[in-house]
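Just below is one structure, and these are the notes that go with it.
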Amino acid sequence: MELQDKITTLKGVGPKKAEAFARLGVDTVEDLIFTFPRIYENRKQIVPIADLREGEDALFEGEVSLITTGGFYRKRGSRVLKMLITDDTGSIEVVFFNAAYLAKTIHMGDRLAFYGKPSFNRDHLQVIHPEFEKAETVQTGILPIYPLTSGITQREMRRLQKLISPLYGEVESILSDETVKRNNLCGMEYAIKNVHFPEERQSYNEAKYRLVFDEFMTLETGLMASKMREDDYEKGTRFEDDGCENAFIEALPYSLTNAQRRCVKEIMADLTSERPMNRLIQGDVGSGKTALAQIAMYKAVRSGYQAVMMAPTEILARQHYEGLKSDFAAYGINTGFLSGSMKASEKRQVLQGLEDGTIQVLIGTHAVIQPEVEFRNLGLVITDEQHRFGVSQRIKLKDKGDRANVLVMTATPIPRTLAVVLYGDMDVSVIDEMPPGRVPVITKRASGAAERERCYEFVERQIREGHQIYVVTPLIDESEAMDARSAKQVYEELSKRFRRTEMIHGGMKQAEKDEIMAGFSAGEIDVLVATVVIEVGINVPNATVMVIENAERFGLAQLHQLRGRVGRGKAQSYCFLIIEGQSELAEKRGEIMEKSSDGFYIAEEDLKLRGPGEIFGTRQHGLPDMRIADMVKHMNVLNAARDEAKALLEEDPHLLRPENQPLKRRVTKLFGEDLSLNL
Ligand code: ADP
Ligand code: MG
Numbered sequence: 022m023e024l025q026d027k028i029t030t031l032k033g034v035g036p037k038k039a040e041a042f043a044r045l046g047v048d049t050v051e052d053l054i055f056t057f058p059r060i061y062e063n064r065k066q067i068v069p070i071a072d073l074r075e076g077e078d079a080l081f082e083g084e085v086s087l088i089t090t091g092g093f094y095r096k097r098g099s100r101v102l103k104m105l106i107t108d109d110t111g112s113i114e115v116v117f118f119n120a121a122y123l124a125k126t127i128h129m130g131d132r133l134a135f136y137g138k139p140s141f142n143r144d145h146l147q148v149i150h151p152e153f154e155k156a157e158t159v160q161t162g163i164l165p166i167y168p169l170t171s172g173i174t175q176r177e178m179r180r181l182q183k184l185i186s187p188l189y190g191e192v193e194s195i196l197s198d199e200t201v202k203r204n205n206l207c208g209m210e211y212a213i214k215n216v217h218f219p220e221e222r223q224s225y226n227e228a229k230y231r232l233v234f235d236e237f238m239t240l241e242t243g244l245m246a247s248k249m250r251e252d253d254y255e256k257g258t259r260f261e262d263d264g265c266e267n268a269f270i271e272a273l274p275y276s277l278t279n280a281q282r283r284c285v286k287e288i289m290a291d292l293t294s295e296r297p298m299n300r301l302i303q304g305d306v307g308s309g310k311t312a313l314a315q316i317a318m319y320k321a322v323r324s325g326y327q328a329v330m331m332a333p334t335e336i337l338a339r340q341h342y343e344g345l346k347s348d349f350a351a352y353g354i355n356t357g358f359l360s361g362s363m364k365a366s367e368k369r370q371v372l373q374g375l376e377d378g379t380i381q382v383l384i385g386t387h388a389v390i391q392p393e394v395e396f397r398n399l400g401l402v403i404t405d406e407q408h409r410f411g412v413s414q415r416i417k418l419k420d421k422g423d424r425a426n427v428l429v430m431t432a433t434p435i436p437r438t439l440a441v442v443l444y445g446d447m448d449v450s451v452i453d454e455m456p457p458g459r460v461p462v463i464t465k466r467a468s469g470a471a472e473r474e475r476c477y478e479f480v481e482r483q484i485r486e487g488h489q490i491y492v493v494t495p496l497i498d499e500s501e502a503m504d505a506r507s508a509k510q511v512y513e514e515l516s517k518r519f520r521r522t523e524m525i526h527g528g529m530k531q532a533e534k535d536e537i538m539a540g541f542s543a544g545e546i547d548v549l550v551a552t553v554v555i556e557v558g559i560n561v562p563n564a565t566v567m568v569i570e571n572a573e574r575f576g577l578a579q580l581h582q583l584r585g586r587v588g589r590g591k592a593q594s595y596c597f598l599i600i601e602g603q604s605e606l607a608e609k610r611g612e613i614m615e616k617s618s619d620g621f622y623i624a625e626e627d628l629k630l631r632g633p634g635e636i637f638g639t640r641q642h643g644l645p646d647m648r649i650a651d652m653v654k655h656m657n658v659l660n661a662a663r664d665e666a667k668a669l670l671e672e673d674p675h676l677l678r679p680e681n682q683p684l685k686r687r688v689t690k691l692f693g694e695d696l697s698l699n700l
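Counting from 22, one number per residue, gives the positions in the sequence shown under this note's numbering.
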């Protein structure tokens, strides 16, 4: 057995299991070693059955003193298997739904161990779907709980970890001895062993620190290397400092806000200097980021270059395209569009236009970073809603040009501390002011049938006044797994009530989606039932109500983004959060939404409410996934790793020294082979 062996070489892992493991990103034995537990359970003691308490997870064991497989469970129509488990102190009922097959493997008199949470069924305690195994093999102690996917069980994961544990010592350290010493880190074998099978708190803490440090070190080395690559370009693409953009700005249908003016100034200073621009525009939804992109693109074309803007969804890309095409046409600028769903012949034509330079501005989805897309002389690349893209996509887009200027835009507000880490390699401009005349959206929570009905009565009145409505649901279709309204269900309900109702969701064909969006923009549709495809960027100023069904299913960042679809015109807009069931977290979120429309405030509150979670997760910001490190929780480790990475790159900028090869390999793996990180 070796680290690079496929996991199929392990006993009990066939092709089917391998497929399941692939979903967890596990291909080799080494990958499995780096699949760390999510959490741990304390199973240090076996609890006497008489001492089991409602709601408290516990390990218990006993003899199977009764098995019944009769009865159908009413609600799901599935078979129920019940067992009575007895020890010296008492008995408890154990229940499995839809698992009559277990009756073949479990027999009266078997001694089994269970782990689960007792709950009350009328007058007696029972445990539903506990983990179980033979009492003689049960392990006590701190038990690791691994991330799973269907087809893999906890027990299997633990068995495999035990099986491969002799290889823990062969995992190479990505850090040199010197770095390990300087940062008081423990050894690699010790770290891996104590994260999978911790014996006590202290050894676990040391182990975790080491692994978190390794991950941050990899991340920071990669980020710094890409930043250094940027600095290597002494000269960027320099645009003419002739003020030609002023006439364009004057001709806009509105005058820029002060914040927009300031950003334009910063952008122009970058564009007309020798250094390539590398700037992030951060502005809340509706703050007018598109105008900045437009002005920058105009500038590029006037200086004789091409410009490209990439957006995360086809709907958004098309909307940008429709708007910009006509604006630019007035100046004789030719705008093209590119997306994955286009016909091959159309695509060819666009590619031709980019190569020969007849298309000066390109708007598109991530189709624009495909290898076959080549520009004649690309001088400016823009990423809209940057948090939807990865670092590598951003760099690929940039590499379409030769020293092109880079502008990325995002509405996802992040606290200062994190911005430094995430965008440490970029200059940041903030649009901290809304265009004038915006009336803050009135937000109200609603729950229960009566309040929901009142919301829709309100919707009715708004439609009569000529306004349009979004209704967002968490699901497309009904689902067994989730008890929530689906777009299809809501659509059926509402189309009976409102004549011009349509539905849009991610499962639809592009042409259908386009047609519906166009209809909504043109005011031909009153009610648009949608899934979160509507979340980013869409701009229809006449829409005044956003109804969010099952609002408890959405995070604060998402709610804020969704609400940003309304309140874009002069009329008062409204957002209704329909909350089902009782969830303290959902109510808290609703309260924050009612109170504030400030994206930064909401982000800070979100952080307080649930920690880094989704919104600050690396994925949201397009950084590579971290396995064990957490940007917020481990901020101190992050800082230490950053200092170390910096020192290391100063001594060995291209990681050429033999002792730095393992780190170099890891960095390349994390950021993708195709990125030339200048290492
Ligand atoms: P976002 O920052 O969310 O991308 P957009 O660029 O889509 O925002 O702008 C939202 C709306 O505000 C658009 O209808 C746009 O035309 C309008 N807008 C942008 N800047 C101004 C301004 N200075 N004054 C008035 N309206 C503006
Ligand atoms: Mg936008």
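The beta-carbon is built from N, C-alpha and C at its ideal position, and this holds for glycine as well.
Range of the contiguous beta strand (DSSP E) that encloses residue i
i	result
G357	T356 to L359
Q147	H145 to I149
C596	Y595 to I599
S86	A79 to T89
Cβ-heavy atom distance, residue i to the ligand MG, below 6 Å
i	result
T356	no
Residue i CB to nearest heavy atom of the ligand ADP below 6 Å
i	result
K690	no
K310	yes
N560	yes
T239	no
L277	yes
P461	no
P674	no
G527	no
G46	no
P456	yes
V449	no
V492	no
G304	yes
G344	no
Any non-hydrogen atom of the ligand NAP within 6 Å of residue i CB
i	result
T30	Summarising the ligand content, the structure contains the ligand ADP and the ligand MG and does not contain the ligand NAP.
Residue i classed as buried or exposed, judged by whether at least 16 other C-beta atoms fall within 10 angstroms
i	result
Q160	exposed
G487	exposed
R482	exposed
N398	exposed
Q66	exposed
Q682	exposed
L606	exposed
H655	buried
D72	exposed
E672	exposed
H408	buried
D109	exposed
S171	exposed
I60	exposed
F692	buried
K685	buried
D695	Annotation note: pLDDT 47 at D695 (below 50); position unreliable, coordinate value reported separately. With fewer than 16 Cβ atoms within 10 Å of its Cβ, D695 is classed as exposed.
Minimum C-alpha distance to residue i - residue among the options
i	options	result
G540	M529, K530, T552 and I525	I525
D48	V34, Y61 and A317	V34
E478	V568, I463 and N426	V568
A321	P297, E210 and T200	P297
Y167	G111, L53 and Y230	L53
A350	L583, P679 and T379	T379
N266	N119, T278, T258 and L292	For the record, residue 266 in the displayed sequence is Glu; it is not Asn. Out of N119, T278, T258 and L292, L292 has the C-alpha closest to the C-alpha of E266.
P495	V511, L146 and M104	V511
K346	S450, T356 and R339	T356
E16	G576, P69 and S186	With the chain covering 22 to 700 only, the question about residue 16 has no answer from this structure.
First through last residue of the alpha helix (DSSP H) which encompasses residue i
i	result
A328	Taken as a continuous stretch (DSSP letters only), A328 belongs to no alpha helix (DSSP H), being part of the beta strand (DSSP E) at Q327 to M331.
N660	M656 to E672
I336	E335 to A350
V511	A508 to R518
A43	P36 to R44
M289	N279 to L292
Y211	M209 to H217
S542	Q531 to S542
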